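Residue numbers for the sequence shown follow this note's numbering, beginning at 5 and rising by one.
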Amino acid sequence: MWLKPEEVLLKNALKLWVTQKSSCYFVLQRRRGHGEGGGRLTGRLVGALDAVLDSSARVAPFRILLQVPGSQVYSPIACGATLEEINQHWDWLEQNLLHTLSVFDNKDDIASFVKGKVKALIAEETSSRLAEQEEEPEKFREALVKFEARFNFPEAEKLVAYYSCCCWKGRVPRQGWLYLSINHLCFYSFFLGKELKLVIPWVDILKLERTSNVFLTDTIRITTQNKERDFSMFLNLDEVFKMMEQLADVTLRRLLDNEVFDLDPDLQEPSQITKRDLEARAQNEFFRAFFRLPRKERLHAVVDCSLWTPFSRCHTAGRMFTSDSYICFASREDGCCNVVLPLREVVSIEKMEDTSLLPNPIIVSIRSKMAFQFIELKDRENLVEGLLVRLKQAHANHPVHYDSSPSDDGMTSSVFYSTSMCSDKFGDLEMVSSQNGEEREKEKSPLPHPEPLTVFQQSGSQSPDSRLSREQIKISLWNDHFVEYGRTVCMFRTEKIRKLVAMGIPESLRGKLWLLFSDAVTDLASHPGYYGNLVEQSLGRCCLVTDEIERDLHRSLPEHPAFQNETGIAALRRVLTAYAHRNPKIGYCQSMNILTSVLLLYAKEEEAFWLLVAVCERMLPDYFNHRVIGAQVDQSVFEELIKEHLPELAEHMNDLSALASISLSWFLTLFLSIMPLESAVNVVDCFFYDGIKAIFQLGLAVLEANAEELCSSKDDGQALMILSRFLDHIKNEDSPGPPIGSHHAFFSDDQEPYPVTDIADLIRDSYEKFGNQSVEQIEHLRCKHRIRVLQGHEDTTKQNVLRVVIPEVSILPEDLDELYDLFKRAHMMSCYWEHPRPMPLRHDPSRPYAEQYRIDARQFAHLFQLVSPWTCGVHTEILAERTFRLLDDNMDQLMEFKAFVSCLDIMYNGEMNEKIKLLYRLHIPPALTENDRDSQSPLKNPLLSTSRPLVLGDTIDYQKQLKQMIKDLAKEKDKTEKELPKMSQREFIQFCKTLYSMFHEDPEENELYQAIATVTTLLLQIGEVGQRSSSSGSCSQECSEELQASAPSPEQDSVFVETGKPPQDPQAFPEAGEGDWTVSLEHILASLLTEQSLVNFFEKPLNIKSKLENAKLNQYSLKALEMSHPPQPELKLNNL
């Protein structure tokens, strides 16, 4: 264990300890009398002393000391009861600390660094032990307090885990604490008087990987758009990396891939996620992927045990997995033995007598008269109790019917079936049921064609007798296997069955075994009548999906006789339409038609439907959706496997994405579209048994077989020709049916015959050379590359949006890039912390690029305060609200990036008349409303008059000048432009107030106030001229006095000191009379042009870069301030 470093002198202690190992900075010592074979007197005395001491006073026999060169003072930093334990600590020091210390120049810094690291490890060990004992240990609460104080996040930002580690800054490590929360990765360090804070949102991480650098053999590298950060010296790096992977995966899929991603029930509310939840999710994901079970399955327990395997006549060690509807077993040795027991097939679960030979045994009996004996089960009582409860529930939800008719092969065991299942047995070895079975099916099935479409497949080939004899040999081998290992979904799945599958499943058994291996048979039995109801509900409906299905029906295996008539086409239509009706999120995607066509050749229509469900929803997750994320992830995984297994090919083909684009159809159609059908079905056999692993390894085998030619290819087109020709010449010598060409047959018209490859040999090579990938490794690679794929989509979205916006604005592309990041981050922060959470419509990957990220009024107000040049103190938020209303054309309360940037472009780069026009539009409907918060104007009397003109300085006759300017503007005005409505008196008051607010704290503030007062007088005179009736009173002087009084004194922070007070007159801005006093945009613009100071203000160049830099620093703090003070409607941002 690690010890708190305390300085000791070794002058008198050397006789009690013997040095075992030493380095520049550390010494490993053994206490005399421990581990010595001899009988020296000193060792015996020390050993006797240690033996008689009380246990609390005994000294551990091994220890590690920190020694600073040139010093007589040592510090114990670790101790151990055994040599193995202390060696673990020594190895950790060598791997994580020893090489790092050389970067320090000062010896005191070395001692300080090592002691700080050891103290942090002790604190982490303590918190880990406490976390195992209770949900929220005191140490975790202390870490949470520090996390909140250091990073100032809202309370909704839930801390999940924290670790002691080092963050590398160049060649210098910074010791500190890593905090993992639901949305962010944070690091804090205060070392040698310097404070370091890092905040990295999970959605900004482009790559998360384990790597090594010059000093350390194992580090975690976080890659974002601009930087790479290395973290190391973790007490348990594996645990930290898995936790990071889980958090990154959950957060990115929740925020960036909400098209099809559904969180587990325990993770639905991110603010409630805990470390245990994430560990449970990782275990659930592995469990469902390993046994290829439905996503809704929830794992309850994982226990070590042993299973009696009659074929090997011994107990096989492994683990039992129990979930809502299954009991599963996996042997410790990969591939040795796996078992899947659906609870609906289980008859009883019983405890047996506990003996020395059979400790803690239970017997699980199933309906096919088989029993499974598990022993060495810990906590057997609670395990069996939970299983019995779920067993009772499973039988209540899905009652099972029995077929009492005897089997044709003489076996007396009854095979269960539901009202939707056929009654034929594997003993029949026929695709078509017995006559009684056929009649029973015809009575039950509402479908016109329940049987497989293999009746259309004509037998006959060049050597039919030899092929049929090979088929009979396969059938005999499978029959022998069924007798020994079982014939239902509960069969023992061993390496032997994998070899049989690799040889090719016999035609007569193929459909049934596909159902068993995929466990589609359980879905079929659990949902009697479900498919028939779907067909009735979906047929006859017309929509975009059905149109796509109709278009592809006749493209599905057009060369096969089964789909050259309406019977096969109708069956295909029903299955595809029913599935689209069942799962609207997926609906229909191209390549589903080819897959379903092959399923219909070997399975009945309803069975084909459930096989399609198993493939789309379990075996190929996220493949068949709008963005085919799952297929792209596996393509990225495939690229990494190519680099690992075929490095020479990877080196030759610099851009592996070309190979990935070629191989995409391999994954989407399981080689069915690019390989002769009689060969491709053998690939499908392996896929249903081994899952996606079979496609990965076969793809590698295909590339290896063509590696030499591919390395000599000159371009992607030639590589495509090489692979297509090879795949087209893969034959199945054992197929009893006639050869059926593939879609790439046109590549085979060579003058010289191309060598033929047998599919069985290719599959055997794939297992022998590339079959070492485990499910756990593949799932880890998928998790790693899903980050890359999702971020690739995000980058594509960004580039497409910017490509549309750049030509339309004058803002520099690099500034637009940063504006987009700010805009997206504003959306993300609302997803992080707002309750209730924003509608999913705000980020919809299926929408056009420009519409995928949109923000609401509150998020826009934050951005407006951060990046707008028109800051008006407390008036800024009101101006932001009006701007949002103006830009929200479709009134959906959401704004796209293009509208946001177009508005900013006018503010920063527009001509004066464009800026004034924007300001004018912000003070008329729809931007200005009757219920506008700023209607509480300090101007007490809204009915203004100019019978006594305001005079500031020398009197100037503006009438002639104004008339001429208005005429000039009218000539220049584009006649096609829609004329803006005139501004009423109330709107003009708000316009004036905004101008006064904008001038506040400007260097030319006084001149601007005088100029705007003069312009206001002129506009009031123009408004008076337009009145239809004479005003009842004059108040121009009152207006003038109030406008002048509105100019703030140096002690005031805002323009209008009475903004926060309610209006004194309840009838402020009455409807009557507002339409009488009006002023137009041309009047306002012409009046403003008369004052040079105003012209200079609106035409001076503005720099957006400083605003962007400040926004990046303050965006989080502004949001946190709002979340911590929700009642306050107005936020003031300093130092902008």
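Cβ coordinates follow ideal geometry from the N, Cα and C atoms, glycine included. These numbers come from a predicted model, not from an experiment.
### Query
Taking just the CA atoms, how far does L898 sit from D892?
The straight-line gap from Cα to Cα measures roughly 7 Å.
### Task
Go to Y166, then tell me how far its beta strand (DSSP E) extends in each direction, as first and last residue.
Annotation: the continuous beta strand (DSSP E) that includes Y166 extends over 163-173.
### Query
Would you call the stretch 566-573 and the stretch 526-539 touching, i.e. three or more CB-CB distances under 8 Å?
At 8 Å Cβ cutoff, the stretches do not touch.
### Query
In the stretch 177-243, which residue ranges form an unbroken beta strand (DSSP E) of at least 3 residues, counting only runs that do not cross its ends?
As for any beta strand (DSSP E) of minimum length 3 sitting wholly inside the stretch 177-243, the runs are 188-195, 198-205, 211-215, 223-227, 232-236, ordered along the chain.
### Query
Touch check for the stretch 622-638 and the stretch 680-688: three-plus C-beta pairs under 8 Å?
No contact exists between the stretch 622-638 and the stretch 680-688.
### Query
In whole angstroms, what is the alpha-carbon distance linking P985 and L148?
Whole-angstrom Cα-Cα distance: 57 Å.
### Query
Alpha carbon to alpha carbon, what distance is there between S352 and S329?
S329 and S352: Cα-Cα distance of roughly 14 Å.
### Query
Helix, strand or coil for C494 per DSSP?
In the structure shown, C494 sits in coil (DSSP, three-state: anything other than H, G, I, E or B).
### Message
Does the contact criterion of 3 or more C-beta pairs under 8 Å hold for the stretch 198-215 versus the stretch 788-802?
### Response
In short, these stretches touch, since the Cβ pair count reaches three.
### Task
Could you spell out where the alpha helix (DSSP H) holding E283 opens and where it closes?
Boundaries of the alpha helix (DSSP H) harbouring E283: 279-295, taken from the DSSP string.
### Query
Would K478 pass as a contact of P456 if the rule is Cβ separation under 8 Å?
Going by C-beta atoms, K478 is not nearer than 8 Å to P456.
### Message
Using C-beta distances below 6 Å, list every residue in its chain close to Q1056, excluding the 5 sequence neighbours before and after it, in chain order.
### Response
Unreliable placement is indicated for Q1056, whose pLDDT of 39 sits below 50; no coordinate value is reported for it.
#### Entry: Exposure label - N100; buried when at least 16 CB within 10 Å
In the assembly as shown, N100 is a buried residue. Its beta-carbon has 16 or more other beta-carbons within 10 Å.
### Query
Contact check, I767 vs C690 under 8 Å by CB: the rounded distance?
Contact between I767 and C690 holds: their C-beta atoms lie close to 6 Å from each other, under 8 Å.
### Query
Which two residues bound the contiguous alpha helix (DSSP H) that contains M1002?
Per DSSP, M1002 belongs to the alpha helix (DSSP H) from 989-1003.
### Message
Restricting to Cα atoms, I'd like to know which of Q701, I590, L605, Y606 is closest to E644.
### Response
With respect to the C-alpha of E644, the residue from Q701, I590, L605, Y606 having the closest C-alpha is Q701.
### Query
Tell me the DSSP bridge mates of H319?
DSSP output for H319 lists W312 as bridge partner(s).
### Task
Check the C-beta distance from S275 over to K162 and give it rounded, since I have them as a contact under 8 Å.
About 5 Å separates the two Cβ atoms, so the contact holds.
### Contained alpha helix (DSSP H) runs [length at least 4] in the stretch 491-563, N- to C-terminal order
DSSP runs (the alpha helix (DSSP H)) wholly in the stretch 491-563: 499-507, 511-522, 524-530, 534-542, 548-557.
### Query
Identify the residues that DSSP records as bridge partners of T761: which are they?
Answer is I734.
### Message
If distances are taken between C-alpha atoms only, which option among V487, Y1000, L504 comes closest to E475?
### Response
Selected option, being the one with the closest Cα: L504.
#### Entry: Under 8 Å between C-beta atoms of K1111 and V871
Cβ distance < 8 Å, so K1111 and V871 count as in contact.
### Query
Between the C-alpha atoms of E11 and A654, what's the straight-line distance to the nearest angstrom?
A direct Cα-Cα distance of roughly 55 Å separates E11 from A654.
### Query
What first and last residue would you give for the alpha helix (DSSP H) that runs through N401?
For N401, the uninterrupted alpha helix (DSSP H) run begins and ends at 384-401, by DSSP.
### Task
Take M1002 and list the residues in its own chain whose beta-carbon comes closer than 7 Å to its own, dropping the five residues that flank it on each side.
Leaving aside the five residues that flank M1002 on each side, the residues in its chain whose CB is nearer than 7 Å to its CB run, in chain order, W874, C876.
### Query
Should L599 and V619 be called a contact, given that it needs their Cβ atoms to be closer than 8 Å?
For L599 and V619, yes; Cβs fall inside 8 Å.
### Message
What residue range does the alpha helix (DSSP H) around K921 cover?
### Response
The continuous alpha helix (DSSP H) containing K921 extends over residues 916-925.
### Query
Is it true that the CB of I81 sits closer than 8 Å to the CB of V122?
Yes, the Cβ-Cβ distance between V122 and I81 is below 8 Å.
### Message
Please give the ranges of any alpha helix (DSSP H) in the stretch 867-892, keeping only runs that are unbroken, at least 4 residues long and fully inside the region.
### Response
If we require 4 residues or more, the alpha helix (DSSP H) runs fully inside the stretch 867-892 come out as 880-891.
### Task
To the nearest angstrom, report how far apart L615 and F376 are at their CA atoms.
Using only the alpha carbons, I get a separation of about 27 Å.
### Task
Go ahead and pull the three-state DSSP assignment for W1081.
Note: W1081 maps to coil in three-state DSSP.
### Query
With C-beta atoms as the reference, is F235 less than 8 Å away from T223?
Closer than 8 Å, so yes.
### Query
Between which two residues does the alpha helix (DSSP H) carrying S106 extend?
It is not in any alpha helix (DSSP H) - S106 carries neither H nor E in the DSSP assignment.
### Query
Since R34 sits in a beta bridge, which residues does DSSP pair it with?
Looking at the DSSP assignment, R34 forms a beta bridge with V22, F66.
### Query
Where does S80 fall in DSSP's three states?
The question names Ser, but residue 80 in the sequence shown is Pro. Of the three classes helix, strand and coil, the one that applies to P80 here is strand, per DSSP.
### Message
Would D551 and N597 be called neighbours here (beta carbons separated by less than 8 Å)?
### Response
For D551 and N597, no; Cβs fall outside 8 Å.
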